[in-house]
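**Student:** Numbering (the numbering used here), first residue to last: 354 to 1081. Sharing a structure with you now.
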């Protein structure tokens, strides 16, 4: 894509406009300029895990589920499918002169904020808590959406820039105070990757202030860092209503004229909302210049030219409506769900034995739910397979399935008909009839999501607790009391604490919000048609475990890098039926990177996939040093009993320590590189029984020497309190 050509064409077009016409194009619902041949265009379209809010489309698992797959290559393939379907819908809408919202090619995804606090309702839109994982997955998704042709297939948008992760109820007025270390180490890296490496076309600003200034009018973030330091060449769009918040929520400005003018001056080119209707008043008052308005207009029209909107010969215009929901897209949705699910516990009951289990009870409010499949920001699939549907299809005629909803997902305070125990008796009877129970609990988008979302049952969308809603706690306890083997299936987009039931169940599966074929994928995994390979992209804390205040944006005490007590389940953790064994770790310094090689053997009779994780740990003293941090990962497919050489590249900058002033420095001293199937903490090693392999290195004056293999010394949590919940 020759961006310079598109920019020159945009400059020539905008030069012909009056300033009033140029300003009109900076609203998300941009009107037509007929005398210049510019059609109306609505910039607001969504594609978080499929084309959203625009009718029928393939519905993939929610973003947090795809993070659990640890598979950038597949995510890029998925994003390519989403772009294909977005083009098909756009082309069909254009043919009908339909220029309404959600019908465009500017897709406001991905969400690459860091999921720093398990209470955040929008965390399931992200790729988890780790900047390295988020950065690589964000890049893959962006490159899949945008493609590598002469034109953009679709325009991706990295959001929400920056330092944004709740609380939802305060987002229109909240000031996120962040240290330089945390800004550079945690909150900015994924955005830098999106800009420098993925060449993302758009960046969306956040609602909140950052260290006193509104994110959508933040000179340092939008001008100094985004454009001057990183060289961002695309356009910036505000979150919806965020510029209005300058004066109504933050009190940073007094009037809409001031807010609109400030945002454009600082480099926010496009307004999702209507505050930019006051731009011309700001121009008359001298608050913004005509040059600044035209600068933003050039940026947004560069994107429209790059999408081929004004070129009849753009090949993407020929994508037909029949490209939607093709068989290969359906297969990808199924594969995505299979890759994402995480096996947390298995005492041997899985895979389910058809010879031993002739009667299976499927119980729980999420068992027959379609809503739990699609999560938020979703399209409408032309076919859904619920968990109950999937189990029935897989069981066939040789296994009888009993079903009971068991309870409501939660108890609405204003609904007297939703009595907590009204379905419990049926659930108990169902369990008594079965040889084993599949108990499907958790949340859906009505219980965790975005503030103000019409589909959300609570005001803010954040969680007040990590425990199940009360009716579901009663259900689990009553079903466990029956005494049958129970496979606990958790559908949620975030960490829940069901530790009270760990000892009472035979297996636990984290199924997320798994997309249109979630039920089929789960059944294939439970019956052993394919192996579990997902790994947790975030820490599963105990509910009683101390956490910093939700409004505290410092990372100390948060995520796997800084927590001080063992969690329920750790970042990077997940079990499988088969076993991957690592041997022969070697590390070689090669210029500005490390070449890491390890031998991986599939010691099972199953074809399977394995996620290899590489962590670094600085052995000296440093400012707010993380316990260890992820520096590379790779997913490999291995046939039964196959061996493979896994090759990882670790940039030396990934070993850097971020100091108090925000500078990244490769400190002199000893480093340990740890490679295996989990992170090197005592909880992960105890649960898996497989400590990572380790190599010690030494850095002096920026030069790295490899000292050789050393025994793995897992991180030991200084707080040894048992925070597990107690049943009953």
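C-beta atoms are modelled at their ideal positions from N, C-alpha and C, and glycine is treated no differently.
1. Less than 8 Å between the CB atoms is what I'm expecting for residue 494 and residue 432, so what's the real figure, rounded?
2. Are the beta-carbon atoms belonging to residue 843 and residue 795 less than 9 Å from one another?
3. Can you give, in chain order, each stretch of the beta strand (DSSP E) that sits fully within the region 384-418 and has at least 3 residues?
4. Count the other CB atoms, across all protein chains shown, that sit within 10 Å of the CB of residue 363; report buried if there are 16 or more and exposed otherwise.
5. Please report how far the alpha carbon of residue 486 lies from the alpha carbon of residue 637, in whole angstroms.
6. With a 10 Å radius around its C-beta and 16 neighbouring C-beta atoms as the bar for buried, classify residue 886 as buried or exposed.
7. Taking contact to mean 3 or more Cβ pairs, one atom from each stretch, closer than 8 Å, check whether the region 905-919 and the region 988-1007 are in contact.
8. So, is residue 1071 buried or exposed, given that buried needs 16 or more other C-beta atoms within 10 angstroms?
9. Using only alpha-carbon positions, find the residue among 841, 554, 959 and 893 that is nearest to residue 1098.
10. Please return the same chain residues whose Cβ sits closer than 6 Å to the Cβ of residue 546, not counting the five positions on each side in sequence.
11. Roughly how many angstroms lie between the CA atoms of residue 870 and residue 361, to the nearest whole one?
12. Pull up the DSSP beta-bridge partners for residue 753, would you.
13. Does residue 646 come out as helix, strand or coil in the three-state DSSP assignment?
14. Hey, residue 790 and residue 756 are a contact pair by Cβ (cut 8 Å); roughly how many whole angstroms apart?
15. Considering only residues of the region 663-693, which uninterrupted beta strand (DSSP E) runs meet the minimum length of 3 residues and lie entirely inside it, listed in chain order?
16. So, residue 900 versus residue 968, is the Cβ gap smaller than 9 Å?
17. Could you compute how far the alpha carbon of residue 1050 sits from the alpha carbon of residue 976?
18. Can you name the start and end residues of the beta strand (DSSP E) that residue 485 belongs to?
19. By alpha-carbon positions, which one of 656, 524, 483 and 1010 ends up nearest to residue 599?
20. Take residue 1007 and list the residues in its own chain whose beta-carbon comes closer than 6 Å to its own, dropping the five residues that flank it on each side.
21. Using the DSSP secondary-structure output, state which residues sit across from residue 1068 in a beta bridge.
22. What's the call for residue 552, buried or exposed, on a 16-neighbour Cβ count within 10 Å?
23. So what's residue 367 in DSSP terms, helix, strand or just coil?
24. Can you name, in chain order, every residue of its own chain whose Cβ lies under 6 Å from the Cβ of residue 567, other than the five neighbours on each side?
25. Going straight from the alpha carbon of residue 810 to that of residue 821, what length do you get?
26. Hey, could you find the ends of the beta strand (DSSP E) residue 590 is sitting in?
27. May I have a chain-ordered list of the alpha helix (DSSP H) segments no shorter than 4 residues that lie completely inside the region 777-858?
28. What are the boundary residues of the beta strand (DSSP E) that includes residue 1104?
29. Would you identify the three-state DSSP class for residue 609, choosing helix, strand or coil?
30. Which stretch, first to last residue, makes up the beta strand (DSSP E) that contains residue 966?
31. Around the Cβ of residue 355, are there at least 16 other Cβ atoms within 10 angstroms (buried) or fewer (exposed)?
32. Please give me, in chain order, every unbroken run of the beta strand (DSSP E) with length at least 3 that falls completely inside the region 872-954.
33. Given a cut-off of 9 Å on the beta-carbon distance, is the pair residue 814 and residue 406 in contact?
34. Assuming the contact rule is C-beta atoms closer than 8 Å, residue 535 and residue 894 should be a hit. Round their C-beta distance to whole Å, please.
35. Can you give me the start and stop residues for the beta strand (DSSP E) that residue 1004 sits inside?
36. Using a Cβ-Cβ cutoff of less than 7 Å, which residues in the same chain neighbour residue 998 once the five nearest sequence positions on both sides are dropped?
**Tutor:** Working from what's here:
1. 5 Å
2. yes
3. DSSP runs (the beta strand (DSSP E)) wholly in the region 384-418: none.
4. Buried is the call here.
5. 47 Å
6. buried
7. no
8. exposed
9. Residue 1098 falls outside the range modelled here, since the chain spans only 354 to 1081, and no answer is possible.
10. 488 and 492
11. 45 Å
12. By DSSP's assignment, residue 753 forms a beta bridge with 712.
13. helix
14. So it is not a contact: roughly 11 Å between Cβ atoms.
15. Taking only runs of at least 3 residues, no beta strand (DSSP E) segment lies wholly in the region 663-693.
16. no
17. 20 Å
18. Counting along the chain, residue 485 falls outside any beta strand (DSSP E), though it belongs to the alpha helix (DSSP H) covering 484-499.
19. 524
20. Once the five neighbours on either side are set aside, the close Cβ partners of residue 1007 are 984.
21. 1034.
22. buried
23. helix
24. 599, 603 and 605
25. With a pLDDT of 48 at residue 810, under the threshold of 50, the modelled position of that residue is not reliable, and the figure given next carries that caveat. Distance between the alpha carbons of residue 810 and residue 821: 15 Å.
26. 588-590
27. 777-785 and 823-835
28. The first residue shown for the chain is 354 and the last is 1081, placing residue 1104 beyond what the model contains.
29. Correct three-state label for residue 609: helix.
30. Annotation for residue 966: the continuous beta strand (DSSP E) segment containing it runs 961-971.
31. Exposed, by the Cβ-count rule.
32. 933-943
33. no
34. Not confirmed; about 19 Å, so no contact.
35. 996-1004
36. 950 and 952
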